[in-house]
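Read the structure below first, then the notes.
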Amino acid sequence: MAKTSLCDAADQNLQTSLASFFRSMLGQDEISAIMAPMRLPAGDMVMQTLVTNPEQVDQIDPFAPAFPMNAARLVSRLTKRPAGGKVVVVLRPCEIRAHIELVKLKQGSMEDIVIAGIDCAGSFKNTDYKKFAEKDPETSTARFLKGVLSGETRFDGEVDLSAACRACTHMVPNGADLAIGIFGMDIDRQFLVSAETEKGEALFDKLGLKEQDAPGKREETIESLVAVREKFKNEMFEDTRSKTDTPEKLAAYLSGCINCYNCRVACPVCYCRECVFVTDVFDHDPYQYLRWARRKGKIRMPTDTVFYHITRMAHMSLACVGCGQCSNACPNDIPLVELFTATASQTQAAFEYEPGRSLEEEPPLAVFKEDEFAEVVEVKH
Amino acid sequence: MKPKIGRALVVGGGISGIRAALDLAETGYGVTLVDRAPHIGGVLSQLDNQFPTNQCGMCKMLPLVERDAGSQYCLRKGLFHENIDIRLSTEVVGIEGEAGSFMVRLREQPRFVDPEKCIGCGECAAVCPVDVADEFNAGLSERKAVYLPVPHMMPNTYVIDPAACTRCGECVTACPTGAIRLFRQGRQDFGVLVVDDEYTVRDSIKEWLVEDGFSVETAGSGEEALDLMKKQPFKMMLLDIKMPGMDGVEVLKKTMETFPDMAVVMMTAYATVETAVEAMKTGAMDYLMKPFDPEDLVSKVIDVYEIQEASRGEEVEAGAVVFCGGTEGYDPSTGKNTFGYKKFPDVVTGLEFERLISGTGPGGGQLVRPSNGEPVRKIAWIQCVGSRDLQTDADFCSGFCCMYAIKEAMLAKEKGPEDLDATIFYMDMRTFGKTFQRFRDSAEKDHAIRFTRGRVHTVYLDEKTGKLMISYPGENSQRIEEAFDMVVLSTGQQPAGGMDKLAQTADFDLNQWGFALAEPFAPSKTKREGIFFGGAFSGPKDIAESVISAGSASLCASVALHSAGRGMAEVTGDAPEYIDVSIQAPKVRVVLCECGSTLPGGIDMKAIAADLKTDPVVENVFTIPRICTTEGWDLLVEKAKAKGYNRLLVGACMPYAHARRLKELGEKVLMNPVLMEVEDIRAPAFRYADAEASYIQKAMERNLRSGISRLRGVDPLPKTSVPVARKALVVGGGIAGMTAALAIADHGYPVTLVENDPELGGNLNWLARTIEGYDVHAFMDSVRQRLEKHPQVTIHVDSSVMSAFGEVGNFFTTIETGSQSSVETLHHGVAIIATGGGEAPANMYSHGENDAIITQKELEQKVSDKQIDVTSMDTVVMIQCAGSREEPRNYCSRVCCASTLKHILHMKKENADLSIYVLYRDMMSYGFSETWFTEARKAGAVFIPYTVDKKPVVSVPGDGSNVKISAYEPLLDANVEINADLLVLATGIVPSLPESLAAAYGAHVDADGFFQEAEPKWRPVDSLKEGVFACGIALSPRSVTESVATAEAAAQRAMRILTKSALSRAGVTARVRQSLCSLCERCIDVCPYGARSIDLDLQKVIVNAAMCQGCGNCASECPNSASVVDGFFDGRMLDMIDMVIE
Amino acid sequence: MKAAIDGSGEPGKPKTLEERLAPVRKMLLACIQCGTCSGSCPNAWAMDSSPRHLWRLLLTHNGEEIFKSRTFALCSTCYSCTLRCPRGLPLTDAMSLLKQVAAAENIYIYRRSVRFYQSFMESVRRHGRVREMEFMTLYFMSMKNPMIPLKFTPLGMKLMAKGKVSFEIPSKGSGKLDALFRKAKEIEDQS
Amino acid sequence: MEDFEPTIIAFVCNWCTYTAADLAGTSRQSYPTNVRLIRVMCTGMVDPKYIIKAFLEGADAVLVSGCHPGDCHYINGNYKARRRMKLLKAILPQYGFDEKRLKLTWIGASDGIQFARTIRDMVSEIKELGPNEAKHAAVV
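Residue numbers (our numbering), protein chains in the order written: chain A, 1 to 381; chain B, 10001 to 11142; chain C, 20001 to 20191; chain D, 30001 to 30140.
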């Protein structure tokens, strides 16, 4: 059973109390830095920031509904090879899960980091966050949390929680060493800290936290939030599937695609140094284009768009954590996360695989059993 | 790969012959592989499924390093290797000379179909009027006199069966390429002299022969005949034996003096048959018994004529000869008990069963009753048909029938209806090989196969039901009758036909069972130096044992060649310098074969050419009438010589057959052969025989386009190679390790031998003699002394491997010697694990509680040391399988039963009155040790079977009286109480291979702690990790001689690598495009050969080109084509897919 | 023990059963208990224990047990087992030897068969062939059991009606075969 | 619809199924002309991309066929191929590529008859199913 503690929110301000909590970590000698979402000076954007100076932890704002990128990619950069110091990384659940997948793919490690995961209330699309935050940067996060915790998904009558977040059921930070909880808490007064791993426990002890039980209504709150999101997710899947259930419809769904590959750049688990679609494999000869056009009468240019997306499904849907960065990144507003998560739910179910669930679970395509999936094979005598 | 001067001859193209030939060829020798059949593969060409996978997997025998030197396709389709010259339908008729320089006389049977011209179209078979039993289907179907010996063989050329062919000539007319010749024309030049004192006889013979086109002279006496011979040449003489004056034998003698090549056939009456047989020793070719059928006589003359005219004799130089002649299946119809075979169609042999369920079999793989085509619901196997049977002169166990019966029963379960009932009637289930026992257990438990102990004596037909009735003794010996739909006779192996003659020709001896006689402790050696045996030629063997034996034989041959100075000198110069085309844009030249206008009408080659030319990558398209002819090939060479292109596509038939020639062409025009492809344009005409010409033409175009697409993407890389440290390390100094070390050292390569103990020898230190009576210590000493004196051998006793790493060609092993820890690191190219094993601990049957309870090893030692006085004893009990063949040691230790027999015979010799009881589960007296089993019984030992659930009970009385053993005797249905002076426990063998040692070399141990071989049948001494081999007991329990065989086989596998200074990269090999690689290591995980590793310093994934086999699992696992397989680049594959879709 | 193995016995002493059985056992040593004999025996259905069982008893030195069974008495010397035995053992001969042992030992349950054979052979000795009536009379007399002839009456009547059995007065016969029989007995006694 | 002749792309392994296909050809086992063989070294070499490409280019069905379990020349490539097929069967049907269009079989070297039968069955099954819609789509 994990050790838990309740941290008081000083001045009824979650953000400042979080800042002092994390600052106290930097005091511990083995922690060299903290990487956490911090509000940028302009006030209307929040970005992961690597801090070593305790003085500069003030702007920490992990609960802000801003999600400009999936930080797993950043953690990967920090941990691919030894960094020479331990870093506390503050991550959303989907970032932790993506990081776990990247570790399996040898793109990062758990070695020199302590993951401080947060209960995730969700986020807006980048452009929506700007709209939302610029109204009152100082209070935006608190305003958002209050709204979400009371069941709202639309704010100011104009901005919605992103589709990925509304469909997300992984709201608590599984896989974190230390979990920062807000669900079921009176966030004006306190937040929950729980040590989930040995590493987390060591830090928990170092920080001199007092062991206290989590409030009983926490589980209940999470369950009811998950139920709402589950419902949304299922409706979203159904809707998406009905829009893409033939090759023609799929092509129409993806018709805005211009081969910019932003989605894959934004994707935390698309780890290839360079996507195969930009390598010489797809460097077609001019005569090939003509041949295609001849055969079908006409051919949409640029080519290889549907091919690209389906291939991406094959490459990363098993590792897809549903963070929604693909949609966020698309310049032509293709609802990608809807499509990806709908497909991923099928592939992950096929292998009973849940990305980010455990480091021990091998990526399904790297292993096999001699006796399995007989249904895939057509047997004739 | 360049052939070496050293050349060996391998006789027999079955599994062991292929293994031996490949081993020698891969080592670098030239090999002539002959088989008297018109195909290679032996019986394996007829078998689809092998235990334990119940599939095939034979291709795993093909070369793994220097793969491109050999064929890379299904081995059952055929085989080629640069260094192997395969001669089919050929026999050895003489071996002169000595080891290192034999002259071997070969005779090829008449070849009526020119394989160079035959395109396998089958027009000949379509017109052939003859139907005979098809041996490929074990006689279950029919074929024509002109036929394909194996339907899936490559190249698929027809042959004529001279015995069945009537020489009607229909096929000659039908053949579109003029490939068939029947040699009728030359008959008038073939002079036959008929010598008989009876005018009517000689005159009618003359008449018959003249009618068939021969020119004939007659002589009425010997003197007249000799005169005639002086005047004109004759090729053949038909000679009466009994003549007044000079008799036939004398005429023969005189004739042989002046005309030794004359084919003489003696004509004899019954009374002089013996004289005729004698005459054959004088030089007569054959004899005919009077009165004879004119047809027989004429066909005999035709045979002789054709052999002389159409068959080619040849002398081949060979430094060593390896006989891998295999065995012959027992034919139950010749036995005293036929079990209804050949009488009831539903009684079949094991081989026939395999054909019945084969996809290429007579019924297309359906398991149905041959009598009526109805499904088989109940089927029985009868074991030991033609084996373990003194009545058929087979006092030996064939050793493989138990396993094939289990396999077949499992296959029947798979192919038959769900409720199929399969029963095996047996006496002892001889599951003595590695994993065999678990296989049997699984058959019984998981597949519900019924095992019934008891020998079936009769199979008869119930006329009313049409079922086969089997009667057999039940548990209480009551006679049980049971009805079956089909009965399979598990027929054993017999010495191959013509063994006597061959033994005489090659000058080796036969053993008492009629197989080739091997020397003591030298399983592959004959009495004649330079002549060796592989496979079942010297005794029944299963596939794995045959493969090991072939390895042992090829090693011996290699030593013989090497010591004759024929080893390593290379024949040809350097590899050709191909023109570098890497910076040129691809330009494909296409040359199409018109196939001698045998393609279906309406196909427009010009239109095809025009179509291809629309692709800008195509430089030009030419057509040639027939590429397969010499003129055609010259035309192709001419076309290829003209410059202006950098890739060549040939559209022809039989791409397999051309692959080799393309290599030659490449050397001629200095073009890398990977830039050349042969695309099969004839296949569509076969495959879619009923389709319209326009369709076939389209298909041809499609094939060519995909060929163009493949060539477009080819990017020949500079050949990289893996350097080899030409040294070997052998871990373990028992007989296996010593033998392996010596074998490698004898080839002139340095070997280091590491042994834990302070002394070499391992188990041989306590083993005194073998069951055959051979002196083990003398043998051990001779090996040890040679080893200790050998300049190439370094011995580290009292030493162990501390750590090791590396890959084939370059291993680094740190050895620690003594407790003082002197440490040394070795750089070596191969590692052989020979860590052996020892007797399993006796923790059962009250061992240790009483001095009268001892293990087999203790018995052996006590007998040697004379600590046991058998003469003062009354009763000895031996319990077999003490702790063996049940979990957790669920394997047979193989040597204990033979040991028991050895001790019985020894003790009985010392004390004939001694009562000996053997409590056993299944006596594993496989092979010739069955004879010792018979002897032991004859000596009076009583054998009582027990089962695991009714084990014997041993009680040790406190009063010092005899140990009591109580056992259930099933036939008497009673418990037997025995008071024993001595109780001997056969506890079996456990390995002593540390898992960490195997792991250090990238190898693994199996569930029982033995070395995990790459493949139990096809690669029995290799690990999956190239360059690591194992032998002796480290592999699995085995006898001294069997250990020697594995050691020699392992050494031979190692020699393939050590004989090269570097291992070159094959055409289809994976590589990493480093700029794209994200180092996710998924490719490392999926590589089955451990050929990939990550270099942490360089931050690169490295592919060992010698270990990579080009399977492409890495490439399809790699999401962004950073990992690619040469020849299968993704861009090219996608383009090909595109090309073939209309 | 030694004597038991080769069956020679000690000179002068009457043979033990074990000694008498030793040569039979010797014939059978190579037996592998496969049961082919039992499966092929046409009379097996009537036997109280199978031939295989019998051999097993013999080989495990349970000689006296054999004579609790009438199996070997039922052997009709058809030679099926000898033909089929994978060890090539002379099983039919072994059966005959057992019959001899049983006769020599005068084993009670087997007496009937012994007497039957003896009567048969006696008739043969006298006349060079069997005289059915004489043979049956000798047999009935030797059995000294009045119930036996009664049991055979229906069969006898049938045979007589068909002329298969003729009345002939028992007589001593010509004695021409006496020498032959004497020699055979000598050999038997020696073995 | 009546004269619809499906195009089947068959990725066959060099060792087993290619041999079987060859055998079917040489032993005159009639099988429909609809199949286009693409020889690969091992089914484990068949990149999901190839199959996606084939469908997008308009193949009406794709067959991947290799050695029986335990028979793979490369030890276990067929097991890995089976996983990739499992993956594709979870993806492609969602976009209207019927599951029946994608098949994996184990066909051994001597199973020429089985190869012919597999193709025949596939053709008739696909004929019933109708053409792949992507055949005429202008998007790849």
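Ideal Cβ positions, reconstructed from N, Cα and C, are used throughout, including at glycine.
Quick caveat: nothing in here was measured; it's all calculated off a predicted structure.
Discussion item. Would you say Val10127(B) lies against chain D (beta-carbon separation less than 7 Å)?
Written reply: no
Discussion item. Our contact map puts Gly10829(B) next to Ala11034(B) with C-beta atoms below 8 Å; I'd like the distance itself, whole angstroms only.
Written reply: Incorrect: roughly 20 Å between the Cβ atoms, too far for contact.
Discussion item. Against Asp10690(B), what residues of chain D qualify as contacts under a CB-to-CB distance less than 7 Å, listed in chain order?
Written reply: Ser30030
Worksheet item: Taking Cβ positions, are Arg10111(B) and Glu10091(B) nearer each other than 7 Å?
Response: no
Practice prompt. Give the residues of chain G in contact with Lys10060(B), contact being defined as C-beta atoms less than 8 Å apart.
Written response: Chain labels in this structure do not include chain G; the protein chains are A, B, C and D.
Fill in: Run of the alpha helix (DSSP H) containing Asn10703(B), from where it starts to where it stops
10693-10713
Worksheet item: Mapping DSSP to helix, strand and coil, what is Thr10200(B)?
Response: helix
Worksheet item: Can you list the alpha helix (DSSP H) stretches of 4 or more residues lying completely in the region 20032-20084 of chain C, in chain order?
Response: 20036-20040, 20051-20059, 20063-20066, 20080-20084
Worksheet entry | Sequence-distant residues of the same chain with beta carbon closer than 7 Å to Arg10369(B), five excluded per side | Asp10346, Val10376, Asp10485, Met10486
Worksheet item: Looking at the unbroken alpha helix (DSSP H) that takes in Glu198(A), where does it start and where does it end?
Response: 198-206
Worksheet item: Name the chain B residues whose beta carbon is nearer than 7 Å to that of His309(A)?
Response: Correct list: empty, because the minimum Cβ distance to chain B is about 14 Å.
Worksheet entry | Same chain, Cβ closer than 6 Å to Ser11039(B), neighbours up to 5 away in sequence not counted | Val10895
Discussion item. Suppose contacts are defined by Cβ-Cβ distances below 7 Å. Is Ala11014(B) in contact with Leu11063(B) by that definition?
Written reply: no
Discussion item. How far does the beta strand (DSSP E) with Gln10185(B) in it extend, from its first residue to its last?
Written reply: Careful: Gln10185(B) lies outside any beta strand (DSSP E) and carries neither H nor E.
Worksheet item: Listing by chain order, which chain D residues have their CB less than 8 Å from the CB of Thr246(A)?
Response: Tyr30095, Gly30096, Glu30133
Discussion item. Applying the 10 Å Cβ sphere with the 16-neighbour rule, what's the burial state of Val379(A)?
Written reply: exposed
Discussion item. So, at 6 Å on beta carbons, what are the nonlocal neighbours of Asp11095(B) in its own chain, with the 5 sequence-adjacent residues on each side left out?
Written reply: Ile11102
Practice prompt. Out of Asp10189(B), Val10195(B), Val10194(B), state which residue places its alpha-carbon closest to the alpha-carbon of Gly10213(B).
Written response: Asp10189(B)
Item to complete: Say whether chain A places a C-beta atom closer than 7 Å to the C-beta of Ser11078(B).
Response: yes
Item to complete: State the start and end residues of the unbroken beta strand (DSSP E) segment that holds Val10487(B).
Response: 10486-10491
Worksheet item: Can you name the start and end residues of the alpha helix (DSSP H) that Gln20100(C) belongs to?
Response: 20091-20105
Fill in: Partner residues on chain B for Leu30092(D), Cβ-Cβ distance less than 8 Å
Simply none; closest approach about 15 Å.
Practice prompt. State yes or no: is the beta carbon of Val10571(B) nearer than 7 Å to at least one beta carbon in chain D?
Written response: Residue placement at Val10571(B) is flagged as unreliable, the pLDDT there being 48, under the threshold of 50; a coordinate-derived value is accordingly withheld.
Worksheet item: Where His99(A) and Ala72(A) are concerned, what is the direct C-alpha to C-alpha distance, given to the nearest angstrom?
Response: 5 Å
Worksheet entry | Assigned secondary structure, Asp10500(B) (DSSP; H/G/I helix, E/B strand, else coil) | helix
Fill in: Proximity test, Cβ basis, 7 Å: Pro30006(D) and chain A
no
Worksheet item: Quick one: what does DSSP say Thr10218(B) is sitting in, helix, strand or coil?
Response: strand
Practice prompt. Would you decide whether Glu352(A) is buried or exposed? Buried here means 16 or more other CB atoms lie within 10 Å of its CB.
Written response: exposed
Practice prompt. Starting from Leu20029(C), find everything on chain B with Cβ-Cβ shorter than 7 Å and list it in chain order.
Written response: Arg10937, Lys10938, Gly10940
Discussion item. Which residue wins for smallest C-alpha separation from Ile10357(B), given the options Val10547(B), Ala10412(B), Val10150(B), Glu10098(B)?
Written reply: Ala10412(B)
Worksheet item: If you run the structure through DSSP and keep just helix, strand and coil, what is Glu20188(C)?
Response: helix
Item to complete: Can you check DSSP and say which residues form a bridge with His10827(B)?
Response: Phe10812(B)
Practice prompt. Give me the Cα-Cα distance between Asp9987(B) and Glu10701(B), rounded to the nearest whole angstrom.
Written response: Outside the shown range of chain B (10001 to 11142) lies residue 9987(B), about which nothing can therefore be said.
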